[in-house]
Structure formats: C-alpha cells, structure tokens
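Enquirer:
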Amino acid sequence: MNKIGFFRSVSLKLVVVYILLLIIALLLIGVFFTNSLENQLIQNKRDSLDSNMLWLKQSLAQEFEEERSPTDPTLEEDIADLLKTYSNGERTKIQVIDIQRQLVGTSELGEQDSIGARVTDNNIIQAITNNGFAVPSETKPNIVIDEDTGDRTLRSYYNIEGTDSNGESELLGLIYVRTSIEDVYEQLKSTNLIFLRATFIALIFAAILGILIARAITKPIKEMQRQARVMATGDFSKRVNVYGEDEIGQLARTFNHMNDELRQAHMRTEGERRKLSSVLSHMSDGVIATDRNGAITLMNAPAESLIGRSADEVRGQFLIEVLNLNEKIVDITEIQETGSIIIDMSDDDQYLLLRCNFSIVQDEYEQISGFITVISDVTEQEQIEQERREFVSNVSHELRTPLTTMRSYLEALTDGAWKDESIAPHFLDVTQQETDRMIRLVNDLLQLSRMDSSNYTMEWERVNFVDFFHHVIDRFEMNKREDIHFERYLPKEEAFISIDKDKIMQVLDNIISNAIKYSPDGGTIRFRLRKDSQKLLVSISDEGMGIAYEKLDKIFERFYRTDKARTRKLGGTGLGLAIAKDLVEAHHGVIWAESKEGRGTTVLFTIPLNRKRGEVR
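Under the working numbering, read the sequence shown as residues 3 to 619, first letter to last.
#1: Cβ atoms of Ile219 and Ile196: under 9 Å apart, would you say?
#2: Measure the Cβ-Cβ separation of Tyr88 and Ile99 and say whether it is below 9 Å.
#3: Specify the secondary structure class of Gln319 as computed by DSSP and reduced to three states.
#4: Where in the segment 337–370 do unbroken runs of the beta strand (DSSP E), each at least 3 residues long, occur, reported from the N-terminal end onward?
#5: Please name the residue in Gln369, Arg357, Glu366 and Asp314 whose C-alpha comes closest to that of Thr381.
#6: Just confirm the distance between the C-beta atoms of Asp287 and Val363, as a whole number of angstroms; I'd bet it's less than 8 Å.
#7: Among residues of its own chain, excluding the 5 on either side of Ser371, which ones have a beta-carbon nearer than 7 Å to its beta-carbon?
#8: Decide if the segment 526–543 is in contact with the segment 475–488; the criterion is three or more beta carbon pairs, one per stretch, under 8 Å apart.
#9: Alpha carbon to alpha carbon, how far is Thr193 from Arg199?
#10: Report the three-state DSSP secondary structure of Met226 (helix, strand or coil).
#11: Based on DSSP bridge pairs, tell me the residues matched to Tyr178.
#12: To the nearest angstrom, how far is the alpha carbon of Thr406 from that of Glu387?
#13: Can you tell me which of Arg93, Thr235, Asp115 and Glu113 puts its alpha carbon nearest to the alpha carbon of Arg180?
#14: Using DSSP with H/G/I as helix, E/B as strand and the rest coil, what is Arg490?
#15: One question on the structure: do Ala582 and Gln536 come within less than 9 Å of each other, judged by their Cβ atoms?
#16: Skipping 5 residues on each side, what residues in its chain have a beta carbon closer than 6 Å to that of Met226?
#17: Quick one, which of Val324, Phe238 and Ile223 has its alpha-carbon nearest Ala254's?
#18: Which partner residues does Gln104 have in the DSSP bridge list?
#19: If you pair each beta-carbon of the segment 460–468 with each one of the segment 494–509, do three or more pairs fall below 8 Å?
#20: Quick one: what does DSSP say Ala267 is sitting in, helix, strand or coil?
#21: Let me know the secondary structure DSSP gives Trp462 once reduced to three states.
#22: Distance check for Ala204 and Asp80, CA to CA, integer angstroms please.
#23: Just to confirm, are Ile298 and Val281 a CB contact at a threshold of 9 Å?
#24: What would DSSP say about Phe207, mapped onto helix, strand or coil?
#25: Let me check understanding here. Comparing Cα to Cα, which of Ala580, Asp115, Leu539 and Glu545 lies closest to Lys556?
#26: Could you have a look at Pro522 and say whether DSSP puts it in helix, strand or coil?
#27: What is the rounded straight-line gap between the Cα of Ser312 and the Cα of Leu300?
#28: Would a C-beta distance cut-off of 9 Å place Met460 and His589 closer than the cut-off?
#29: Per DSSP, Lys240 is paired with what?
#30: I want to know whether the segment 169–178 touches the segment 31–38 - three or more CB-CB distances under 8 Å.
#31: Which whole-angstrom value is the C-beta distance of Ile334 and Leu321, which I expect to be below 8 Å?
#32: Would the beta-carbon of Phe478 fall within 9 Å of that of Ile501?
#33: Among Leu492, Gly212, Gln252 and His268, which has the Cα closest to the Cα of Ser239?
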C-alpha cells in the first residue's frame, strides 16, 4: 500500500477546515469591526461639524439681524469675513443662503461671483418651501460623491434662526455644508491594513497550530493504520498506544480488542490449516480441490504421485482434462450426479486403476463454490477382486471335475456295473482316486486360507539345513520311479539356520513332487544348496518340458497350470507352488523359477540366515 502524502492526508484536511473556519470568523469580525468603525468615525466627524456650525449659526444670525448704515460693510462682506475666520484648512465647502434662496456667502473662492444669485441646487431648493424652511434645525447628514474631486463628502443643512419683534423664533437663512470625509476612509484603510496584517500573522500561527493539532489527532489513526498493515501480514503481536479516553482513545482500545480477537481467530484458523495440511499430506488418498468452474486450485502429494503430475503443473487446468474424463463427463456440474468413477491411468510400465469420489462445496448461500475429488488407488483391490472371482471359478471347476467323474462311475455301478468283476474294481479305484484328489484339494485350500488370515504360528528351530535337505531328498528317493535319477550338489560343511521344519519340508515336498511329475522317463533331478553371509539359496532342477518365459511369474498363482490336462491326470491341484510361495515369504525369503521350453525348469528360493528380532509369526 502506497504511503499517503501530507497533501492527501486527513491532517491537511483538518488544517484546511480549521483555517477556513478561522478565516470565516475573522471575516465576520472584520466586517462587523469595519462597519462599526466607519459609522463611529463618520459620527465623530458629524459631531465635530455640528459643534463648529453652532458658533457659525449664532454669528450669522447676528449678522442677519444687525441694522446697517450706508457706510457699514454689507451683509455679504460680513458673512465673507466670518467664513474666512471659520476656515481651518479642511476640505469643507460652506454656503449661506437667505430666505429668498439667494447665495449671500460661500467659502469657495471660485464661487464669489455667484453671490447674490439664486441657488439652483435641487437639494437646497427641496429644503425650502413656500412657508420657509421645512427641515429641522439639524438635518441628518448624508454621504455623496463630489463631482469635481470625486471625494466622498458629508452633506448637511443648518437653519439660521433669529427672533422677531414679538420675541418668537424666525428663519433667517440656511447654511449648506459639504465636507470631505476621505480622511475617515484613509484612517479606516490604515486600520484595515493593520487588521489584515494581524489576520495574516494569525493565520500563519493558526496553520502551524492546526498542523500540530491535526498531527496529534491523526497520530493514533496513523498508528492504527500501520498496525492494520502489520496485521494484514499475519503479525498480531503489536498493539497501538492509547493516548486518552476520548473517541479516538476508545477507537484505539476497540482496535486493540479487535487485534486480540483476530489473533485468537488466526491461531485457531492456522491450527486448523496445519491439521488439514497434515491430514492431506499424510493420508494415502489423493485430494484435488477445484473452483466452481472445475479449475484445479489445490492438490496434495498423494494425488501428485497417483496422477504423475505436480500441483504447480496442473494448477489452473480443468479437472476433467487432467483426469481424462472427457468421455464420461461433459460438464463439471455433472460430477455431483456421478458420485464415483473408476478411471484407467495405466501405461506401458504400470497397470493403475483409480477410483475418483466427487463431492461439492457450497457457500453460505448454498451455491456451489467448488468441488473436492478424492482419488484412491484401487489397482490392488481390483486385482484381488479379479483373483477372487477367478479363485471361486477355479475351485468350482476343480471340485466339479472329480465330482462329475465320481457321479458317472457311481451311477454306472448303481446301474449294475458292480456285478461285473472285470470293471467294478476299476470304477471303485477311479472313485477312490478322485476322492483322494478332492481331499488334497480341500486340505490345500484350508492351508491357504489359514496363511491368508495369518491364523497360524511358526515353530522356529535351529537346524543344519544340509542334513535336513538330505533327509527330505532321501524320503523321495525311496519312493521315486526307477527311471528318475537324483543328483545332489550340497556342501559338506554345516549350514545352521532358524526355520519352521514342517513348513520348509512342505515347500520342498511341493517343489520335488512337481519335478518328479514333469520329469520325462530317464530324467534327472538336481538338488543344489549354496550359502553366503546373509542367506541360503536352494534350487531344484528337472528336465521336463519347461515353461515359456512369459508364464514364469504366473506358476506361483493359485490354480495356474501350464498344462492343465496333464496336471489333472497326474493328480495335481494347482496349489502346490502357491502354498510354497506363501511359506517361503513367511520365512522372509524369495522364490522364483527359471526355465527354457524343452530344457527343463529350475525352482529357486532363499531363506535369510538371521531371523528378524521380535518375530513371533
């Protein structure tokens, strides 16, 4: 966030408002003061004029009433002398008019020729009526502009009064006075200049004081602003200072309280986020989150591993395209109706089936805000399910074959074949063989079931495996066909190891039995044993028909036969090598086969010399 300069800050606005209010107040005060001062100065001017005119009125009244001889100065001359005496250098014009509206005296030198002439000034004429003067003794002065000088002048009229023979007051004439008041406005101008200077100085001090006050007011706000920026980064450790108990102080307290609440909420949210992150990271299933349009926003590590792409690579891409769901889903909104889909992500190197479970995410208005997809690897489950189906089918088939054979022979015996001594023993012998075969099959199935459920224990014994192996071979050598030869390549030194003798003996029995079954007439079976620092390696080779390379891994599967017809003929159940594989793995060993078609087969397995500590299986 950019820093706010002073000219865009609240401080400037407060200062401007403060100065504007001060200017308005000073303007109002200035207007009131100027008007009052102007009125007062003009009133003082008028009072001074009235005082001076009082003496002049009395002197002119005496001149108007004085009896004059032919040798005495005329009225006009005496009035001229009085006006000269009154003249004090001020810009004042005085005219004396008698009751016949004739000018009998003037203070203006340029108007001396007009003495004796009738006055034409409308203002003077209006002041005189047919009955004499209609104005009071002192008329209210008014201000006019002098046409000659352009000065503002104060105009006033004064009556000249005398006493008649009856002792009553009579009007003798009129004094018309017009005096300049420019000195008043000069004084007012000087006063206004002083006021303006004082106002300017006051505004400067007010601006400085306003800035200080504004900064004092906005300082807590700026601190809260800085703290808000810090809080936006997730740091709630700092607090703002409280400078008072006013509104800003209360705001600071509320801000600190909000900071505490946000810190607690942030801690709770962060805790929940860490829990969710831990769950997403450690769960075996993959999780993909999208927005309402189906664009990927989040993907955990298991999901990356399952689909073979990183979260950064697919972020922003559409889920339908990433999971190759275009053929099954056209629009992302169809997911809520689909619920679950199994997709094939197999390639040339790996067979992989994924189950995708979809759910929607709604906001507080119950509008779809996104989708959650949980991805599970169901390859093993599908394989197990397929194996289960195949196992049930194989068991059914393996049981149906001997049962069908037994039923056929028993029906023949029931129909009277038992009376035929040439065939009855053969029928009974076949029935006995099929019964024994079913018993072996059931026993093998029970043993596989126990091993699958781990419902068995290992009876560990430390034995010399060389002697043990010789003992097992000796058992078969006594009962083998005469045209089968055994060759032993076992070391002379002892090889002690901890094993479950019965279970390893069953492993060897199953492998040797298969070798004998598939060995041709005159064939040789070779037994080898090698020991290194970590394990024993046992191998049993025959010279049978061999197994194709692509089928070698399958011979350890249940009910798998390379030649089904021959295996059944020889009485095999197809479970011997599957049982051997489980028993070897129970010893933490490995079993495998090597073969070439037409050249025989070698079955090998290893057993670790050191059993894992604490093993009780």
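Beta carbons: idealized from backbone N, C-alpha and C, even for Gly.
Expert: Once the coordinates are examined:
#1: Cβ atoms of Ile196 and Ile219: not closer than 9 Å.
#2: Their beta carbons are not under 9 Å apart, which means Tyr88 does not touch Ile99 by this criterion.
#3: Gln319: coil per DSSP, three-state reduction.
#4: Given a length threshold of 3 residues, each whole run of the beta strand (DSSP E) inside the segment 337–370 is given here in chain order: 342–346 and 355–364.
#5: Cα-wise, what sits closest to Thr381 is Arg357.
#6: In fact, because the Cβ distance is near 17 Å, the residues do not count as touching under 8 Å.
#7: The answer, listed in chain order, is Arg294, Val363, Gln364 and Asp365.
#8: Short answer: they touch.
#9: Looking at the two C-alpha atoms, the distance is approximately 10 Å.
#10: Met226: helix per DSSP, three-state reduction.
#11: DSSP, once it has assigned bridges, lists Gln97 and Tyr159 as partnering Tyr178.
#12: Looking at the backbone, the Cα of Thr406 and that of Glu387 are separated by about 28 Å.
#13: With distances taken between CA atoms, Arg180 lies nearest to Arg93 out of Arg93, Thr235, Asp115 and Glu113.
#14: Here Arg490 sits in strand by DSSP.
#15: Taking 9 Å as the Cβ cut-off, Ala582 and Gln536 do not qualify as a contacting pair.
#16: Val242 and Phe257, listed in sequence order.
#17: The option with the nearest alpha carbon to Ala254 is Ile223.
#18: Arg120.
#19: By the C-beta criterion, the segment 460–468 is judged to be in contact with the segment 494–509, since at least 3 inter-stretch pairs fall below 8 Å.
#20: Ala267: helix per DSSP, three-state reduction.
#21: Shown here, Trp462 sits in coil according to DSSP, grouped into three states, outside any helix or strand.
#22: Taking the Cα positions, Asp80 is about 58 Å away from Ala204.
#23: Inclusion of Ile298 and Val281 in the CB contact set at 9 Å is not warranted, their separation being larger than that value.
#24: Correct three-state label for Phe207: helix.
#25: Per the Cα distances, Ala580.
#26: Looking at Pro522 - three-state DSSP - the assignment turns out to be coil, as it is neither helix nor strand.
#27: Cα-Cα distance, rounded: 11 Å.
#28: Taking 9 Å as the Cβ cut-off, Met460 and His589 qualify as a contacting pair.
#29: Answer is none; Lys240 lacks a bridge partner.
#30: Because the criterion of three Cβ pairs below 8 Å is not met, the segment 169–178 and the segment 31–38 do not touch.
#31: A Cβ-Cβ distance of about 7 Å is found for the pair Ile334 and Leu321, placing them in contact under the 8 Å criterion.
#32: In terms of Cβ geometry, Phe478 and Ile501 do not form a close pair [threshold 9 Å].
#33: Among Leu492, Gly212, Gln252 and His268, the Cα nearest to that of Ser239 belongs to His268.
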